[in-house]
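One structure below.
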Amino acid sequence: MLIGVIGAGVAGLTAAFEIARAGAPHGAEVELIEKADGPGRGCSHYAGGMIAPWCELESAEPIVATLGEEALAFWTRDIPVAKIAGSLVIAPPRDRAELTEFSRRTRRFERLDADALAALEPALAGRFSSGLYFREEAHLEPRAAMRALFERLQTMDNVRIRLCADSVPQADWIVDCRGFAARGELAELRGVKGEMLVLRSEEIELSRPVRMLHPRHPVYVVPRGQGVFMIGATMIENEERSRVTARSIVELVNSAFAIHPAFAEAEIVETGSDVRPAFPDNLPRISRQGRTLYVNGLYRHGFLLAPALARRVARFLFAGEIFPEVMNANQGEWTDARGRGADIGAPHRGIGL
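Just so you know, we're using full-length UniProt numbering here: the sequence shown kicks off at 1 and counts up by one.
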């Protein structure tokens, strides 16, 4: 059986890996197809890389945390690129109510007073009187993670990779992981723009992602090592892929400054933006059209959700398992992937990228 995986962002790379790993005993082959000249050229390129399932409960449905817990094992054991250092959530004194509300919505955290917070992150000593520490969460550098996963795929005997490709050859199944580019086939898909900023400062040292709560301008700071920090949090309901606005940059810098004043003097290393794919409920879906499976709608949770969705696609293809929590169809439409159902159809003969 040949399975074509379209797209080499985090969703496509994890899908190709899990399908190839599960399919090897069945003699299955995977062909990964990407229109760009390398992996991770889409919105995965600009991700924060926080593997924070319990923090995300603040604004996401419980299923996001449930699926996201699987990412911790994937990124620390299967593809060991993540660092478990926890997540720290803080708020300015005037916004203490935001911290209280965050604690009500989330779980698996420790409350920190000023001394405990200073011991955890000395750079923030004297700046915040309390915080929430999610000890079990992790973070990674997205571009390094995608390179590591891509290199792992290159070593697998049952994986072929085609870059700069514009079509998919005949295959038994297609797994479409193109994100927002699949909007022509997925009518409900919309784009949510995200903008990011990378700063360098030798005056600040942080060991873990720090989220600062604010009713209008929340922000997160993710340390990337060697004095480099990714600043993010914008979510804009439009589909402008590469336009970074001055307003967003000012808001991100101001919010970072509120965490530590040295950010005001930091060097701007990079700015970037792209469009995250989302459905109306902001939840991921695996949907089916004939012999094509669409893995999409990961919203702003790409690295958090991709491993769980990839594993479910593989289990459907090789064990016929159905996962109603993410499979957007009536169970009767999901016939056995191994051919025992009525809806077997002919092999897929190509789809444009």
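Yeah, the Cβ is synthetic: ideal placement off N, Cα and C, and Gly gets one too.
Within a Cβ cutoff of 6 angstroms, which residues of the same chain sit near I19, ignoring the five residues on either side of it in sequence? Position 19 of the sequence shown, counting from 1, holds the residue named residue 19. Non-local beta-carbon contacts of I19 in its own chain, meaning distances under 6 angstroms to residues more than five positions away in sequence, involve I3, V30, A314 in chain order.
According to DSSP, simplified to helix, strand and coil, what is N238? Counting from 1 along the sequence shown, the entry for residue 238 is found at position 238. Here N238 sits in coil by DSSP.
CB of V269 within 8 angstroms of CB of R200, strictly: For this step, residue 269 is matched to residue 269 along the sequence shown. For this step, residue 200 is matched to residue 200 along the sequence shown. In this structure, R200 lies closer than 8 angstroms to V269 by Cβ.
Under 8 angstroms, with one C-beta from each stretch per pair, do the stretch 266-281 and the stretch 136-151 reach the 3-pair mark? no
Need the endpoints of the beta strand (DSSP E) that L112 sits in, please. Locating residue 112 in the sequence shown gives position 112, counting from the first residue. Run containing L112: 110-113, per the beta strand (DSSP E) assignment.
Residues near E195 in its chain [Cβ-Cβ closer than 6 angstroms; skip 5 each side]: To locate residue 195, count along the sequence shown from 1; it is residue 195. Closer than 6 angstroms at the Cβ level, and outside the excluded window around E195, lie T234, V244, S248, S273.
Any non-hydrogen atom of the ligand HEM within 7 angstroms of T76 CB: The ligand HEM is absent from the structure shown, which contains no ligand whatsoever.
Looking at C-beta atoms only, is the number of pairs between the stretch 49-63 and the stretch 93-108 that lie closer than 8 angstroms three or more? yes
Could you have a look at A144 and say whether DSSP puts it in helix, strand or coil? Position 144 of the sequence shown holds residue 144. Helix.
Alpha carbon to alpha carbon, how far is V10 from P92? Give it in angstroms, no decimals. For the purposes of this step, residue 92 is identified with residue 92 of the sequence shown, where counting begins at 1. For the purposes of this step, residue 10 is identified with residue 10 of the sequence shown, where counting begins at 1. Using only the alpha carbons, I get a separation of about 34 angstroms.
contact_flag[the stretch 175-190, the stretch 219-229] where n(CB pairs < 8 angstroms) is 3 or more: no
Which parts of the stretch 71-122 are runs of the alpha helix (DSSP H), unbroken and 4 residues or longer, counting only runs that do not cross its ends? Counting only runs of 4+ residues, the alpha helix (DSSP H) found wholly inside the stretch 71-122 occupies 96-105, 114-120, in chain order.
Whole beta strand (DSSP E) runs in the stretch 248-295 with 3 or more residues, listed along the chain? Counting only runs of 3 or more, we get 267-278, 285-289.
Which residues in the same chain as N282 place their Cβ atom closer than 6 angstroms to its Cβ, once the five residues preceding and following it in sequence are excluded? Position 282 of the sequence shown, counting from 1, holds the residue named residue 282. If we look at N282 and ignore the five residues flanking it on each side, its Cβ neighbours are Y299.
Considering R21, what are the terminal residues of the alpha helix (DSSP H) in which it resides? As a position in the sequence shown, residue 21 is number 21, starting the count at 1. 10-23 is the span of the alpha helix (DSSP H), which, as asked, contains R21.
Let me know the secondary structure DSSP gives S130 once reduced to three states. Mapped onto the sequence shown, residue 130 falls at position 130. In this structure, S130 counts as strand in the three-state DSSP scheme.
Mind checking A47: buried by the 16 CB within 10 Å criterion, or exposed? Looking up residue 47 in the sequence shown gives position 47. When all chains shown are included, A47 counts as buried.
Name the residue from Q289, G290, L309 whose alpha carbon lies nearest to the alpha carbon of N296. Taking the sequence shown and counting its residues from 1, the one referred to as residue 296 is at position 296. Scanning Q289, G290, L309 for the CA closest to the CA of N296 turns up L309.
One question on the structure: do P307 and F150 come within less than 8 angstroms of each other, judged by their Cβ atoms? Residue mapping note: residue 307 aligns to position 307 of the sequence shown, counting from 1. Residue mapping note: residue 150 aligns to position 150 of the sequence shown, counting from 1. No; because the gap between Cβ atoms is not below 8 angstroms, this pair is not in contact.
Any idea which residues DSSP pairs P218 with across the strands? Residue 218 sits at position 218 when you count from the first residue of the sequence shown. Bridge partners of P218: none, in fact.
Who are the near neighbours of V81 in its chain, counting only those whose CB is closer than 7 angstroms to its CB and skipping five residues on each side? In the sequence shown, residue 81 corresponds to position 81, counting from 1. W75, L140, A144, A145, A148.
Using DSSP with H/G/I as helix, E/B as strand and the rest coil, what is A125? Walking along the sequence shown from the start, residue 125 turns up at place 125. Three-state result, A125: coil.
Please tell me whether L112 and H260 are closer than 8 angstroms, where the distance is taken between their beta carbons. Residue 112 sits at position 112 when you count from the first residue of the sequence shown. Residue 260 sits at position 260 when you count from the first residue of the sequence shown. No. Outside cutoff.
Could you give the distance in angstroms between the alpha-carbon of G7 and the alpha-carbon of A266? Counted from its first residue, the sequence shown places residue 7 at position 7. Counted from its first residue, the sequence shown places residue 266 at position 266. Straight-line Cα distance between these residues: approximately 35 angstroms.
CB contact check: R111 to chain B, cutoff 8 angstroms: Among the chains in the structure shown there is no chain B, since it carries only a single protein chain.
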